[in-house]
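Here the structure is laid out as structure tokens; the discussion comes afterwards.
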Amino acid sequence: MGSCSSVCDFILEYDTPRIVLIKNRKVGMINRVVQLAILAYVIGWVLVWQKGYQEFDSTIGSVTTKVKGITITNSSPHEEYIWDAADYVIPSQQENSFFVMTNFILTKNQTQGRCPELPNESTRCKSDTDCPAGQHSSHSNGILTGKCIHYDVNVKTCEIFAWCPVENDTVIPNPAILGAAENFTVLIKNSITFPKFNFSKRNILTNATASYLKSCIFNRNTDPFCPIFRLGDMVQEAREDFQKLAVQGGVMGILIEWNCNLDQSSSKCIPKYVFRRLDNKDFAATVSPGYNFRFAKYFVNLNGIEVRTLFKTYGIRFEVEVFGQAGKFDIIPTMINIGSGLALLGMATILCDIIVLYFLKKSKYYKEKKYKYVEDYELGIESED
Amino acid sequence: MGSCSSVCDFILEYDTPRIVLIKNRKVGMINRVVQLAILAYVIGWVLVWQKGYQEFDSTIGSVTTKVKGITITNSSPHEEYIWDAADYVIPSQQENSFFVMTNFILTKNQTQGRCPELPNESTRCKSDTDCPAGQHSSHSNGILTGKCIHYDVNVKTCEIFAWCPVENDTVIPNPAILGAAENFTVLIKNSITFPKFNFSKRNILTNATASYLKSCIFNRNTDPFCPIFRLGDMVQEAREDFQKLAVQGGVMGILIEWNCNLDQSSSKCIPKYVFRRLDNKDFAATVSPGYNFRFAKYFVNLNGIEVRTLFKTYGIRFEVEVFGQAGKFDIIPTMINIGSGLALLGMATILCDIIVLYFLKKSKYYKEKKYKYVEDYELGIESED
Amino acid sequence: MGSCSSVCDFILEYDTPRIVLIKNRKVGMINRVVQLAILAYVIGWVLVWQKGYQEFDSTIGSVTTKVKGITITNSSPHEEYIWDAADYVIPSQQENSFFVMTNFILTKNQTQGRCPELPNESTRCKSDTDCPAGQHSSHSNGILTGKCIHYDVNVKTCEIFAWCPVENDTVIPNPAILGAAENFTVLIKNSITFPKFNFSKRNILTNATASYLKSCIFNRNTDPFCPIFRLGDMVQEAREDFQKLAVQGGVMGILIEWNCNLDQSSSKCIPKYVFRRLDNKDFAATVSPGYNFRFAKYFVNLNGIEVRTLFKTYGIRFEVEVFGQAGKFDIIPTMINIGSGLALLGMATILCDIIVLYFLKKSKYYKEKKYKYVEDYELGIESED
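Chains as they are written, first to last, in the working numbering: chain Y, 55 to 439; chain A, 55 to 439; chain X, 55 to 439.
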């Protein structure tokens, strides 16, 4: 042992704290119970239940959708008219959402020109002075020309320069014209990636046969992995009434949740579908309730004049939102959790120290055993340890 | 006490480290100051300020938009022409963004055929040999037919097979044709979810009345929660000039930030709107500056031939980006932070040990008190502790 | 020292654990090796390699795209026909993706009316009784009128009310009509933000000159930061055959990864492009293979009747997915990692204790040195320490 320099001495040393072992049933019991609770918490809850040994990554997803279904309408303004996906899906493709028209107000053969505004409090007039030329508000359909003309036999309104005749959207068709959209189906293809783990998967599971996929319809109980959804079923799962929703339109969320444990077989990484209404049901409390938008089809008529057919379309916008987390064993979160678990174990000792040193009758006796007092002066009183 | 086996003995034991209590004003002071600093850091900064006791989740958001406003143009190429949302919002609906056309170059009545290319360095020609048939570059409008023909009285260019006449986009209308878009308004409906906490909210707050929502315009100071935004105001908040932006177009970001503390009342979870220009203002340094795209309206003319009207539309694309975090109390991050805080507390002791054992005059004296040396041999010298 | 109250005494005290220093070469060596390993792990792996001293934030990105290229087709059903971006990019703009039509099935001059259904097992008929009026399935083109009529000289099918004539998509053009799309290029402008760090950047790097940007084409080796991509190159990088892909269409992912260390110069924060096929190549195992959708162009014919041209378009949808993380020094993750690192250091002592107290011959001797036994009774046997 003298064969080693002092550096070498230091290297081969090993230090360990000196411990007082106190045999006291009550305190020992408390100590062990607290230690057990902390161990159970760290191992059971943090590590096992919350998967504290895993690193997590969020999904990146890609979604394509295809709506199928036909229906026939014979209510005015159309006579018998057949609707297929090219007619009622507008626009024909979107990224993570699709819109199915369920109701509409059609204004055919609009041309640029002059015509009376729709009658309401601010547009009714008695003479031209009520209609200052050039004015318009954000709710008007055109720009005042300065004249006051007959809207019908009884009512006069200001004349406007606009796409004429102006759209009359005061009455929304009820029941919805395309209420049969309830039976349309949509095929949703979703491909996800967890870039951190270089893991990809699709919602069309590999064990599904092509013939199954051609005929199945999603059902939470019997066909939970079929990627074809009936529109009516989705709305019903969100506890909404499709026919009511169809009148004014709305926004539905199709949430695809991928929560995967990549430490297990990848075949256990499966999507979970949730359907939820995203817009405000409470129409009284909001502006522009439901979901609608206007678009126009433009033509040139026989006289070479541009005409348009204006659609105010009401319908259901389905938004597909892909989210979720994948976890995989990683040393860093494991070590962070074990490290802070070890530090927490020290709390058992701190707690018992407080009990022993302050609450037991013989605390003074224990205090003497645990502590050694060293004064700043050599001649200070040293407690014998 | 003899009534218990050795296992039982072990269970009811309780061990606590033996401590030297050193009464030294300087070191004691340092010890307490360092401990206080660490405590202040752990409690004040990590736990309270940075909300280390919370688990966090990111938002999933859904956005719908509706632009309103009309304007009239009477500059060439149109005579008086009225524009409403169905005309200038292209496409009529998108997911998280909307495009408002502010400027355009119109090429009417294009048909498939042969016509001279636009004159530039590479298309001017003197004879047919300058125009090798079949060639085309990524910047040309069509495929060379092999002939060199008159573009106008003075200039000859290669003939191309293309949609004729070809679009001439060398001069961009300035000021922008639809510069009045500055006064258009957009209603943004945003619904968010924090899936981990099963918490949803909308940007149309429940305490807003329908009449308020029909007339309000967003203003950071007076109406910070009004969901209706004037396009000009948003561009101005981003410190841009709308009329300049309107000429060549651009991309604007509407950032909706939801930073919520779900331990508090949900009514305090409110959106914050920020507007920012996303594309590069520095036109000299980039390709394809501004924002524009081409689309065509297709017709069949009186002779049964397909014609199209080509629009090169310049405009502002507004992208609505929803982001943010919600925090809620959770035992795991709390414990991780407390655990590592406790471990940090040990640093006070380590620091003071270094001072006491190496920098104090009487370090040898303290060393003897703290350490007990045990040699590997029973007959080794044991320092008396 | 008598000049201080007991509170003051407490404040100026300083406690440090009493340590046994054991000079044992084997155990000392183990102790130091374990300590070194833990230190190396904490400093080398967690802090330096995994950047445990940084806080991270995810990107928010905005993408605009512009496709360029022309091609000519002269196969039937068209004669010579020129295609430019306004024709084959559908819709003309999307948010984070763009669709390039590469193949299509055209059904011209459809009108609402009655015509025979396409022949297949379920639509062939012998008499009217095989065609119950009003029926339709999700795969039919229209609603049965109840009649059985001649499809051609040999075959009879049920008559339907539909857009007539019905589309015949049984034969997909092969090779793809617009296979020349392989040479089209796309300019991708991407602007990203890390909101937590208030950092923004664009994929068009500031050191690129305008002339370079006008002529460059992305190449992983020679031009890795050129924002203009040739469609064929991207498909090839994903190890797919463009001409095969063009026939039935597909979904390609353009992944832009921004992994930035904001503690370094921002010029080192650069995008990385990865191309990947997102849909299922294995056509046998899936429904609706490839990528296609239908849309219609609507006209009014000379008799005032609405006709439409139905496109079933096959093509490649390119999805631009922006993701990545930025890291920047932050005190909290640093402290969490150091704190749990310190706690881990204690494991060296625990490990050596186990060796010394249970596996060494002289464990009893060491045990006596480390532990002091205190019984519950004053008269208990105290081991001399």
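Even for Gly, the Cβ is constructed at its ideal location relative to N, Cα and C.
Use the C-beta contact count for Y:E149: other C-beta atoms within 10 angstroms, 16 or more gives buried, fewer gives exposed.
Per the 10 Å Cβ criterion, buried.
When the Cα of X:P249 is compared with those of A:R330, A:N257 and A:T260, which residue comes out closest?
Answer by Cα proximity: A:R330.
Taking all protein chains shown into account, decide if Y:C62 is buried (16 or more other Cβ within 10 angstroms of its Cβ) or exposed.
When all chains shown are included, Y:C62 counts as exposed.
Ignore the nearest five residues each way along the sequence and tell me which others in A:R256's own chain have a CB closer than 8 Å to its CB.
Around A:R256: K243, N244, S245 and I246.
For A:I203, collect the residues of the same chain with a Cβ closer than 6 Å to its Cβ; drop the 5 residues on either side in sequence, then sort them by chain order.
Hits under 6 Å: P170 and E213.
To be precise: take each residue of the segment 213 to 246 of chain A, compare its Cβ to all Cβ atoms of chain X, and keep it if any distance is under 7 Å. Which residues remain?
Result list: F215, A216 and W217.
By the criterion of Cβ-Cβ separation under 9 Å, what are the contact partners of X:Q108 in chain A?
Ordered by position in chain A, no residue passes the 9 Å Cβ test against X:Q108, which lies about 15 Å from the chain.
Out of X:E422, X:I409 and X:V428, point me to the one whose CA is closest to Y:Y68's CA.
Ranking the options by Cα distance to Y:Y68, first place goes to X:I409.
In terms of residue numbering, what span does the beta strand (DSSP E) encompassing X:T388 cover?
Unbroken run through X:T388 is the alpha helix (DSSP H), I385 to I408; no beta strand (DSSP E).
For X:E373, would you say it is in contact with chain Y, using Cβ-to-Cβ distances shorter than 8 Å as the test?
For X:E373, the answer is yes, since a Cβ of chain Y falls inside 8 Å of its Cβ.
Starting from X:D287 and walking both ways along the beta strand (DSSP E), at which residues does that stretch end?
Element bounds for X:D287: not the beta strand (DSSP E) but the alpha helix (DSSP H), L285 to E291.
Is there a C-beta anywhere in chain A that falls below 8 Å from the one on Y:S194?
Yes, Y:S194 lies at the interface with chain A (some Cβ there is under 8 Å from its Cβ).
To the nearest angstrom, how far is the alpha carbon of X:F283 from that of A:F153?
Taking the straight line from one Cα to the other gives about 25 Å.
DSSP three-state label for Y:C62, please.
Helix, per DSSP.
On a CA-only basis, which of X:L160, X:E422 and X:A139 is nearest X:I226? Give me that one, please.
Among X:L160, X:E422 and X:A139, the Cα nearest to that of X:I226 belongs to X:L160.
By the DSSP assignment, the alpha helix (DSSP H) with Y:I359 in it spans what residues?
No alpha helix (DSSP H) holds Y:I359; DSSP gives it neither H nor E.
8 Å is my cut-off, CB to CB: does Y:G381 come that close to chain A?
Cβ-Cβ to chain A under 8 Å: no for Y:G381.
In whole angstroms, give me the CA-to-CA distance for A:A234 and X:N275.
Looking at the two C-alpha atoms, the distance is approximately 47 Å.
Measure the alpha-carbon distance for A:K162 versus A:N222 and round it to whole angstroms.
Looking at the two C-alpha atoms, the distance is approximately 12 Å.
Should the segment 314 to 327 of chain A be regarded as contacting the segment 254 to 271 of chain A, the criterion being three or more beta carbon pairs within less than 8 Å?
The segment 314 to 327 of chain A is in contact with the segment 254 to 271 of chain A.
Please classify X:N174: does DSSP put it in a helix, a strand, or coil?
Looking at X:N174 - three-state DSSP - the assignment turns out to be coil, as it is neither helix nor strand.
Look at Y:N237 and Y:A216 and say whether their C-beta atoms are less than 8 Å apart.
No, they are not a contact pair.
When DSSP builds the beta bridges, which residues end up paired with X:V117?
X:N244.
When you check each C-beta in the segment 346 to 357 of chain X against every C-beta of chain Y, which residues fall closer than 8 Å?
Of all residues in the segment 346 to 357 of chain X, F347, R348, F349, A350, Y352, F353, V354 and L356 have a Cβ within less than 8 Å of some Cβ in chain Y.
With a cut-off of 8 Å, do at least 3 Cβ pairs link the segment 399 to 416 of chain Y to the segment 183 to 191 of chain Y?
They do not touch, by the three-pair rule.
How would you call X:E438, buried or exposed, if buried means at least 16 neighbouring beta carbons within 10 angstroms?
Confidence at X:E438 is low in this model, with a pLDDT of 41, below 50, so its placement is unreliable and no value can be given for it.
Taking X:M83 as the reference, give the member of Y:W99, Y:F64 and Y:Y352 with the closest Cα.
With distances taken between Cα atoms, X:M83 lies closest to Y:F64.
Taking C-beta pairs closer than 7 Å, name the residues in chain X that A:G82 reaches, listed in chain order.
Here the neighbours are I65, L66, E67 and Y68.
Does DSSP put X:E236 in a helix, in a strand, or in coil?
Looking at X:E236 - three-state DSSP - the assignment turns out to be helix.
Looking at the C-beta of A:K423, does it have a partner C-beta in chain Y at a distance below 8 Å?
Closer than 8 Å: yes.
With distances taken from CA atoms, which of Y:T224, Y:Q302, Y:V96 and Y:G307 is nearest Y:E291?
Looking at the Cα atoms, Y:G307 is the closest of the given residues.
Is it buried or exposed, X:I370, if we count other Cβ atoms within 10 angstroms and call 16 or more buried?
Flag for X:I370 reads buried.
Just mark X:N252 as buried or exposed, buried being the case when its beta carbon has 16 or more other beta carbons within 10 Å.
Under this definition X:N252 is an exposed residue.
Can you pull the chain X neighbours of A:V297, defined as C-beta to C-beta under 7 Å?
In the sequence as displayed, the identity of residue 297 of chain A is Gln instead of Val. Residues of chain X passing the Cβ test: none, with the nearest at roughly 22 Å.
Would you kindly work out how many angstroms separate the C-alpha atoms of X:T239 and X:L285, rounded to a whole number?
So the alpha carbons of these two residues sit roughly 6 Å apart.
Does X:R72 come within less than 8 Å of chain Y when only Cβ atoms are used?
Cβ-Cβ to chain Y under 8 Å: yes for X:R72.
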